[in-house]
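I have placed the structure first, in the form of C-alpha cells, so that the comments after it can refer back to it.
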Amino acid sequence: MRTVGRADGWAKVTGRAAYAGDVRLPGMLYAALVRSPHPHARLLRVVKDAAWSVPGVCAVLTGEDVPYGTYGRRVRDMPVLAREVVRFAGERVAAVAAHSLQAAREAARRVEVHYEPLPAVLDPEEALRPDAPRVHEAAWRYPGAVVGPDDPPNLQSRRVWQYGEDVDAVLSRCPYVFDETYTIPAAHQGYLEPHACVAWWKPDGSVEVWASNKSPHRLRAQLAACLGVPADRVRVMPVYVGGDFGGKGSPMDVPVCVALSQATGRPVKLVVDYEEDLTAANPRHSAVVRVRLGVDGEGRMQALDVRAVVDGGAYAAFKPVEHVNLNGFAEAGNTYRIRAVRIESLIAYTNTVPRGHMRSPGSLEANFAVESTVDVAARALRLDPLEFRLRNVLRTGDRGTLGEPWMEVRGEEVARAALAALREGEGAGEESTADGGRWARGVGFAFYCRAAHGGETEVELRPQPDGSVVVRVPFPDQGGGQHTVVRNVVQRELALPAEAVWVQQADTEELGTDSGVGGSRVSLTASAAAAQACAQLRERLRQEGLEGWELRAALAELARRRPGESVRAQVKVDEELWMNSFCVQAARVRVDRDTGEVRVDELVTALDVAGVLNPPSHRAQVEGGVVMGLGSALCEEVVMEDGRVVSGNLHEYRLPSVSTLPRLRVVLVPGGRGWGPYGVKPVGEMTNVAVAAAVANAVADAVGVRVRRLPISAEAVYRAMQEAGR
Amino acid sequence: MKTPEYVTPTTLREALELLSGAGGGEAVVWAGGTGLGPLLRRGLASPAVLLGLEKVGELGGVQPADGGLRLGATVRLRDLQRSPVVAARVPALADAAGRVGNVRVRSLATLGGHLCHADPAQDLPPVLVALGARVCLVSLRGTRVLPLEEFFVGPLQTVLSPEELLTEVWVPGESASRNTVYARFAPRSPEDYPTVGVAVSVRLDPDGVCQEARVAVGGAGPTVLRITAAEQALVGGVLAGQRIRDAAREVEAAVDPWDDSRGSAEYKRAMARVWTERVLQKLADEV
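Chains as they are written, first to last, in numbering that gives the first Met the number 0: chain B, 0 to 725; chain G, 0 to 286.
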C-alpha cells in the first residue's frame, strides 16, 4: 500500500501551512534592520534620536546594546549587530522594533550611522597575502576556529585531502599534463521564502523561536551558545520552511530578533525582504579552481592535483562542518581510478557577503573544474570524451580516490544508460535546421559521484482513539518531501491508509535529537527511525495482548487503555557508510555561431538508485536539481561591484524559468544497494552538480571553444569564439 | 515613507485637473504598475498622490484610424498582443507586445505606461519608432503631438511635463504598407529585457528596391535610437549582400551602449550589427 500524494500537499495548496512569516502573537512587534553600505568601515557613531521620534517605535538597538556573544554554526565569528567595525556591505548595524512594520522601516531609515571607510579586501587570493588588510584582527581566537595565529591572517580554513602516491612525482612522469583554471561565482539558493523569524523572550527568561530554519535542534544549540543560556531555555517551534537548497541552516537573523524581544518584553517578528536576502544572506562560495591532470600514453589518468582558492566572505559562521571547509571538494575526480590525488581548498575571509551552503556545497565548484578538464584532456588526446571517461571510470572493487572502500560503484552502467537515452533523443529539435548554418550543435557529458552520509533523528508514534497514528518528527519539511517519506514508511509498516497517518513536526522540547534536514540524509535516517518505531509499536500491541486484533482497532484500544502513550525510536547512522550514488548527465545544445547564444535542447540525467520511497517526490528532487544546475550553468550569478552585491532583485538575478527549460530526460538505473530497512540512497544533492560541466562540454563540442567561467553567458561564448578566430 | 493617496478620476478632464492642481510633481500616474511598482517598493519614487487611470474610459481602446491605428494609453500589452486589428495592420507590433516580460506582466502593463517608463531596453519603442508612430500629450493647456523618437530624453526620462498625460499613440496608415520586422535578443532568458532589440520597417518596390526605410534599435543607448545613416544606406537598392552589411555597419557605428548585466558595450554594439543583418535578411527573404 502506497499513497504517493504529499503529506503536506493539502495544507500548502489551501494556504494553511504555517511558515515563520505567518506566525502572529498577541502584542507582537515588527522589526527592521539598518545595514552597512560599506564593505569595510569603522563604526564611529550611531545617532538614534530621529528613529525614536517615529511613533510606535519600541526599541532601537546597536551592537553596544546587545548583551550576547557572537554566533555561528561552527565558528562563532558573527556579531548579532556590528560593533566598532563593519566587514561587509549589508552587515547589520542597528535594529528597530515597532508596533507596525511601516514604523519599523521608517525608523530604520532614520537611524543615522557615521562610518570611516577602511581599505577593503575583496579577492580571496589577495586576502591570503601577508600584507592584505585584515578582515578580523585575530580570527583564530573565535570559538570553533580551525586556524592558528601563524596562519595567513585572513584564512578561514585550509583543508587537504590526499591519497596514493606523491602527486608531483607522478605528474612529472606523465607524458600529458593538463593544467586548467576555472572560476565559479557566488549564487543565491533561490528559495521562495526570504529569511523570517519570530522570537519571544518570555517573562520567565525562556525563549521561543519560530524560524525559517531546517535544523531546529542545531538552531537551539547555536542560539543557546550565542545568548549564553542553557539549551533547555530555548525552544524552537515547528513551522514549514519555504525552500532551503542549503541556505536555511543558520541562525541568520534570529539572534537579533531575540535581542529586540528581550529589550521590549514582547514577541518580535522579522521578515527580510527579498532584496536583503539576495544581497546579505549566505550565498554559495565563489571559487577559482586550478586543476592539473596527468594522463599516460594509454589515456589512463594517473594523477590529479586540485587547488581551490575560495571566497568565504566576511564571516565563517555559516559553515557547519568541523573543518569549516566544503566537503564537495573532496569529491574532485572521485569518479575515476587515479593513482595519486591531492586536493587543497583554501577559504579566505574577504570584505564581501558571508558565504554559506548551497545544495551540495563545494561539489559544483570541484565538478565543473575537473569534468571540464577531463573533456579538455580527451579532446587533446583525440579520444571520445565519453570513451575516455569509461576507460578511467571507477568500478566496484576499486578503492576510491581517497581510499574509500566503496561497497559498489555503478558508473559504467549509469553512463551506458545515459548514452542510450541520449541516442533515443537524437534528431529531436533538429527539424528547424533551415537557419542558414546559424546553429552549431554539440553534446557533452559529465560524471558525478557522491557519498551518502548518516546522521541522527527520532520518530515518535502516538496511537489515537480513532485508530489513526500521529507521527511526530523533529525536523521540518522544507519542501523536499521529508514528511511524506515518513508517512509512507509508517503506512507500509503498519498497513494503514494514508488518512490514518498524520505527520507533525514536534518542537525541540518534545523530541530530543536530530541532525536537521541536510546532507541528503533524511530519507536514510527517518525511514530507519520510522520503521523501528513501528516495530516497537507492534511489540507494545503484543504486550497488551492485542496482536490478533485488526490493526486500527488495536491502536484505538491501546489509546483507550493507555491515554497519551507513545513509542519513540532514535537512530544514529554512521557518518561513513561507504555507499555512493552515481549520476551521469548529458547535454545536447545549440550554439549561435554569430552571437554565442547557447540553447540547451535536452538534458539527460541517468541516476543510480536503490529503493525509492515516494516516486513522485524522488522525481521532483531529480528534476528540480537538474533545473537548479541549469541555472548555475547558464544564468545565475550574484554579481558584486566594489564589494557590493548589485544583482539585488529577481530581475537582475536571473533564475531559469519554465519557458527556457530543455527536455528533461531522467533515467533511473535501479538495482543499487541502498541502506536501511528500505534500502534507500540519497537523492537531494545528486543532479544539480554536473549539469554545468555537461553544458560547457557540449558547447566545446559544438563550437570548439572552452568557457572556463560560470555562468556560460552568450557573451562569454562569443568572446571565446572571437579569440579562437571562429 | 508615507503611503501615497490613491485617486481614481473617471474622465480625462478630471485626471488632467488633478495632475495640474496637485502642484506639479506631487501626483504620479499609475497605470499597470509593473514599472512604477518596483520603484515605489525600493524607495526610488515617493509620490504623495498616485493617480490611477483605470476608470478613465477615454484612454482605452484599440481603433483603426486612417489605415493605421489609434491606440489608447491604457491598452494592456496583452490586449495589444491579441487584438485582431493590430495583427491585421501591423503584425510586428502585436508580435513584439506578445514578447514583453511574461504573461503576468503583459496582463497588467499598459502601452502608455510602457512608453512613459522609458527604459531604453524596452521592446515597443523600437517597433513603434520604425513604424513612424506619434504620441499625443495632453494637458489643460493644450495638446501636442510628437514623433515617438522625440518623446524620449534619456534613461527613465521623457519630455512629458508633470501636468501632461500621454493619451494616445498613433500608428500611421502608411506603415501598414511597409514590411516591419522586430528582433529581440535576450540570451539569458526570454523574460529578460533584451540585450539589443532591432526594428526595421521598409517599403520595397516590385523589383525589391528599397524605397523607404526606418531603422530603430533598443538597448543600445540612453533611449531608443533611430539610425538614419543605416536608413540612407538601404534606400535606393535591393536588400541584399553588401547593402545589408553596410547598413548593419552603420548601426554598429551609431549605437551608444553601456556595460550592464545584459552584456558589455562592445558586445551590444556587435550584436546590434548581427541582429540588424538578420532583420534585414528576413525582410529580404519575405519579398
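Note that the Cβ used here is the ideal one computed from N, Cα and C, for glycine as well.
B/Y70: not part of any beta strand (DSSP E); DSSP gives it neither H nor E.
Its Cα nearest to that of B/A534, the residue B/V489 stands out among B/V489, B/R388 and B/A144.
With the criterion set as a beta carbon lying under 9 Å from some beta carbon of chain B, the members of the region 173-201 of chain G are F184, P186, R187, S188, P189, E190, D191, Y192 and T194, in sequence order. DSSP places G/P63 within a strand segment (E or B) once states are collapsed to three.
Following the DSSP letters along the chain, one finds G/P146 inside the beta strand (DSSP E) bounded by residues G141 to P146. In summary, the residues of the region 256-275 of chain G whose CB is separated from some CB of chain B by less than 7 Å are S260, G262, S263, Y266, M270 and V273, in the order they occur in the chain. The beta carbon of B/L401 sits closer than 6 Å to the beta carbons of W160 and Y162 from its chain, once the five residues preceding and following it are set aside; these are given in chain order. Fully contained in the region 154-242 of chain B are the following alpha helix (DSSP H) runs of length 4 or more, in chain order: 166-172 and 215-226.
Secondary structure at B/K268: strand, using DSSP grouped into helix, strand and coil. In the structure shown, B/T456 adopts extended strand secondary structure according to DSSP, grouped into three states.
G/M270: not part of any beta strand (DSSP E); member of the alpha helix (DSSP H) spanning A264 to E285, first to last residue. Looking at the DSSP output, B/A97 shares a beta bridge with B/Y29 and B/V56.
In its chain, beyond the 5 residues on either side, R336, W405 and V408 have a beta carbon closer than 8 Å to the beta carbon of B/D397.
Of all residues in the region 266-283 of chain B, those with a C-beta nearer than 9 Å to a C-beta of chain G are D272 and E274, reading in chain order. Closest in alpha carbon position to B/L154, among B/V166, B/D167, B/A138 and B/F328, is B/A138. Three or more Cβ pairs closer than 8 Å define a contact, and the region 211-230 of chain G meets that threshold against the region 113-126 of chain G. Using beta-carbon distances, B/Y29 does not count as an interface residue toward chain G, since no partner is under 8 Å.
By the neighbour-count criterion, in which a residue is buried when 16 or more other Cβ atoms sit within 10 angstroms of its Cβ, B/Q542 is exposed.
Between B/A605 and B/A416, the gap from beta carbon to beta carbon is short of 8 Å. Taking 8 Å as the cut-off, the Cβ atoms of B/A347 and B/D304 do not count as close. Beta-bridge pairing by DSSP links B/K571 to B/E455. Between the region 27-39 of chain B and the region 511-525 of chain B, the count of Cβ pairs shorter than 8 Å is below three; the stretches do not touch. With contact defined as three or more Cβ pairs closer than 8 Å, the region 247-263 of chain B and the region 114-130 of chain B are not in contact.
Excluding sequence positions up to five before and after B/A144, its CB lies within less than 7 Å of the CB of V74 and A138, all in the same chain and listed in chain order. Taking a contact to require three or more Cβ pairs closer than 8 Å, the region 248-256 of chain G and the region 169-189 of chain G do not qualify as touching.
Between the region 162-177 of chain B and the region 371-391 of chain B, the count of Cβ pairs shorter than 8 Å is three or higher; the stretches touch. Sixteen is the threshold: since fewer than 16 other Cβ atoms of the shown chains lie within 10 Å of the Cβ of B/D231, the residue is exposed.
Beyond the five residues adjoining it in sequence on each side, G/A229 comes within less than 6 Å, by CB distance, of V214, A246, E249 and V250 in the same chain, given in chain order. Taking a 10 Å sphere around the C-beta of G/G20, we find fewer than 16 other C-beta atoms and assign the residue as exposed. Per DSSP, B/E364 is one residue of the alpha helix (DSSP H) stretching across S362 to A379.
Sequence-distant partners of B/V45 (beyond 5 residues in either direction) whose C-beta falls short of 8 Å from its own C-beta, in its chain, are T61, V92, A93, V110, E111, V112 and H113. Burial state of G/Y5 is exposed, judged by a 10 Å Cβ sphere holding fewer than 16 other Cβ atoms. Within the same chain, and ignoring the five residues on either side of G/Q210 in sequence, the residues whose Cβ sits closer than 6 Å to its Cβ are R202 and D204. Remark: C-beta atoms of B/Y239 and B/A17 approach each other more closely than 8 Å.
For B/G630, the uninterrupted alpha helix (DSSP H) segment begins and ends at P614 to L633. For a cut-off of 8 Å, the C-beta gap from G/A91 to G/L79 is around 12 Å, too long to register as a contact.
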